[in-house]
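Using this note's numbering, you'd call the opening residue of the sequence shown number 33 and step up by one each time.
One structure is given below, encoded as structure tokens.
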Amino acid sequence: MSEPTANEDRSAEKDPSDWVTGDEPATGAQKSYLHTLARQAGEDVPDDITKADASIKIDELQDETGRGQ
């Protein structure tokens, strides 16, 4: 049996839109990492981003910048 790919591993995680705390403000760690990735990608991120949206955006920016590999 082969090793699962990164995308297959992610599919096993719970969807951020289903998180009970997904509507809460992003954590400090999420914001810090998100701003680092966004700066590298030349993008802006709102300061009032939620936990769920931050998680989704982090995944997108990791793919875009190659830092999630």
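Even for Gly, the Cβ is constructed at its ideal location relative to N, Cα and C.
All values reported here derive from a predicted model rather than from experimental measurement.
Within 10 angstroms of the beta-carbon of A61 lie fewer than 16 other beta-carbons, which makes it exposed.
In the same chain as Q72, and ignoring 5 residues on each side of it, the C-beta atoms closer than 7 Å to its own belong to T97, in chain order. Taking 8 Å as the cut-off, the beta carbon of L69 is found closer than this to the beta carbon of Q94.
Taken in chain order, the complete beta strand (DSSP E) segments of 3 or more residues contained in the stretch 63-90 number zero; there are none. CA-to-CA, the gap between I81 and D47 works out to about 17 Å.
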